[in-house]
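Heads up: the structure comes next, in structure tokens.
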Amino acid sequence: MSGIVYLIGAGPGDIGLLTLKAVELIKNADVLVYDRLINEDILKMAKKDAELIDVGKFPHNHKVPQSKINEIIAQKALCGKKVARIKGGDPFVFGRGGEEAEYLSRKGIPYEVVPGITSAIAVLSYAGIPVTHRELSSSFHIITGHEWEGKDKNLDWEVISKLDGTLVFLMGIKNIEKIVKKLLYYGKDPNTPTAVVMEGTTPNQKAVTGKLIDIPRLVLKEGIKNPAVIAVGDVVALRDRLKWYENKKLFGKRILLARTYEQSQQMKKILSKEGADVVVCPTIKITPFLDNIVKFLEEIHKFDYAVFTSVNGVWSFIEAVREKRFDLRNLSIKVVAIGSKTAEALENIFIYPDIIPEEYTSYSLANVLKKHADGKNIALLTSQIGGDILMESLEDCANVQKIVAYKNEPNYELKEKLISELRKGIDIAVFTSSSTFNYMYQLIGDEINLLKNSKIAAIGPVTKKAIEEKGFNVNIMPSEYTTEKLIEEILKNHQSL
Ligand code: SAH
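Count along the sequence shown from 1, add 80, and you get the number used in our numbering.
See below:
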């Protein structure tokens, strides 16, 4: 079987700017070969057994040389692999994608090119700068800012300086002084509006604007660094009115989510949409205990009720059902979910829970069960540390058997990452269960005080209490204990966060 290389443009940063075609190819690739400026969430799309090769790293300060990259992608394809060669922006806009395609073509290796959204346009869009405008600019010109490094020595600065359209420089930060000097030397108006936008389309986006002649000084003063796009032209003046991304409610706020990656996805999506920089650092590790669930399925006729106390229980249950090829038509018992998220997870496999308490806590769940399940046999699918409240409350009225559906433990692997993320500074730390907080404390001990200057959001009273017991203030808690309401509350109070 012959392999193939896809030269894929991954856009400028915001993962939402990936094309549908790119996503599909990345998901199916056997090997991902990627550059430095790639959003790391892209890598999470890869197949479980895909090989990830970082060619943007700087071992001993050396980038993997282009010739070596060519060899890697060719060799992997020759082994029959589907290779996703992922580049920032568009692969053919200063991405050396052309050279890679030439190499592959010379070797007779099949390849396809998947265009990406180039930073030259998108970063300016996110800064509120339209590259063209009926009244202000009828063309735009994308120029390397790198030519002093001995590349692209064919730029005619006299011509460039006379162009009326928007000038867009990539890779220009290091040489910004030289670029401005050249433009001024050849007659560009020193008052021409100019912008430099760094880390565009990401929550770290930062822009400076000013007159062309002042821009090198402003860049230095504001600490603008690579990667950044320089735009020179009258359209830049529109930014004051048109900027939008930086006006988002949570723009630039670093928000820590401490629950598992899977469970964080939805919250992350919504918070990112509001401009937040969402750091997912699970303090909790979930390991399904499939054997216990399988045993429960084999004895299902002994029970009247199955109670799920979290999404994790449902996900573990689903894994066991799949592995055992258990036919859900045999699930002839009543099903209880502690809250709407757990219910939703069940509904995804077409199990519509018979009971969901009005308030999503163990206490209200116990109260509802007391009413409905008197004298019944109840299977409580929970973690090794869960279910105490329910067991105690129902002791006298029902026969409750705890099925340890999954293990819930501190995620020791993430200890170092957690400390380093906290050191970078967190604006809002979000806790969706007391264990996510308690495990954080277990993992990092007193380093948890790094959160002293952060605002803290808790999903409900039990979590709030656990946090307060360790001497922290909880600034945000919704009146209904769901992640949706928690996010709503964060957005409502964004000005004070
Ligand atoms: N193929 C890429 C460009 C690669 S050259 C594209 O089409 O966008 C790398 C340069 O791109 C950087 O030096 C910077 O000028 C620009 N760049 C890439 N991503 C950027 C971002 N998120 N914000 C600002 N500039 C970016």
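Just so you know, even glycine gets a beta-carbon here, dropped at the ideal spot from N, CA and C.
Tell me whether residue i is buried or exposed, calling it buried when 16 or more other Cβ atoms sit within 10 Å of its Cβ.
i      : result
Lys77  : A query on residue 77 cannot be resolved here, the shown segment of the chain reaching from 81 to 577 and no further.
Pro558 : buried
Glu180 : buried
Thr367 : exposed
Pro490 : buried
Cys159 : exposed
Ser219 : exposed
Phe552 : buried
Arg402 : exposed
Glu192 : exposed
Pro190 : exposed
Glu438 : exposed
Val173 : buried
Pro145 : exposed
Asp468 : exposed
Glu227 : buried
Gln346 : exposed
Just the C-alpha distance for residue i and residue j, rounded to the nearest angstrom, thanks.
i      : j      : result
Leu426 : Val510 : 25 angstroms
Asn457 : Ile539 : 31 angstroms
Asn255 : Leu298 : 14 angstroms
Gly178 : Gly136 : 17 angstroms
Tyr265 : Val315 : 22 angstroms
Ala202 : Gly280 : 8 angstroms
Asp269 : Gly96  : 37 angstroms
Asn372 : Lys495 : 29 angstroms
Leu531 : Ile122 : 29 angstroms
Met520 : Ala338 : 8 angstroms
Tyr68  : Ser217 : Nothing about residue 68 can be read from this structure; the chain reaches only from 81 to 577.
Ala459 : Tyr385 : 6 angstroms
Ala537 : Leu330 : 14 angstroms
Ser514 : Lys550 : 12 angstroms
Val554 : Cys361 : 19 angstroms
Lys487 : Phe388 : 14 angstroms
Tyr492 : Leu235 : 54 angstroms
His381 : Ile413 : 8 angstroms
Leu292 : Thr272 : 5 angstroms
Asn573 : Ser344 : 21 angstroms
Lys60  : Asp476 : Residue 60 falls outside the range modelled here, since the chain spans only 81 to 577, and no answer is possible.
Leu566 : Gly393 : 22 angstroms
Gly355 : Val194 : 27 angstroms
Leu87  : Lys124 : 19 angstroms
Glu120 : Val111 : 15 angstroms
Ala311 : Leu98  : 23 angstroms
Ala164 : Glu182 : 16 angstroms
Lys404 : Glu131 : 30 angstroms
Trp61  : Leu502 : The displayed coordinates of the chain run from 81 to 577. Any statement about residue 61 would go beyond what the structure contains.
What are the start and end residues of the beta strand (DSSP E) that includes residue i?
i      : result
Gly581 : In the structure as shown, the chain starts at 81 and stops at 577, and residue 581 therefore has no counterpart that could be examined.
Asp489 : Note that residue 489 is Glu in the sequence shown, not Asp. Its beta strand (DSSP E) spans residues 479-490.
Lys162 : 162-167
Leu132 : 131-134
Ile364 : 364-368
Leu337 : 334-337
Lys47  : Because residue 47 is not part of the residues shown, which for the chain are 81 to 577, the question remains open.
Ile508 : 508-511
Phe388 : 385-388
Glu192 : 191-194
Leu112 : 111-114
Ala311 : 308-312
Asp94  : Neither: Asp94 is in no beta strand (DSSP E) and is coded neither H nor E.
Report the CB separation of residue i from residue j in whole angstroms; it is logged as a contact under 8 angstroms.
i      : j      : result
Ile222 : Leu250 : 7 angstroms
Leu461 : Ala485 : 4 angstroms
Leu470 : Ser442 : 6 angstroms
Ser420 : Ile436 : 7 angstroms
Ala109 : Lys162 : 5 angstroms
Lys167 : Ala90  : 6 angstroms
Ala446 : Leu474 : 6 angstroms
Gly196 : Gly169 : 6 angstroms
From which residue to which residue does the alpha helix (DSSP H) around residue i run?
i      : result
Val103 : 100-108
Glu179 : 177-187
Tyr341 : 341-353
Arg319 : 319-322
Asp468 : 468-474
Ile149 : 146-158
Ala202 : 199-206
Glu403 : 391-404
Ile499 : 495-504
Determine, for residue i, whether the minimum Cβ-Cβ distance to residues of chain B falls below 8 angstroms.
i      : result
Leu318 : In the structure shown, chain B cannot be found, because there is only a single protein chain.
Minimum length 4: unbroken alpha helix (DSSP H) runs contained in the segment 433-463: 442-452
Alpha helix (DSSP H) runs contained entirely in the segment 219-296, provided each spans 4 or more residues: 237-242, 256-265
Counting only runs of 3+ residues fully inside the segment 514-564, write out the beta strand (DSSP E) ranges in chain order. 535-538
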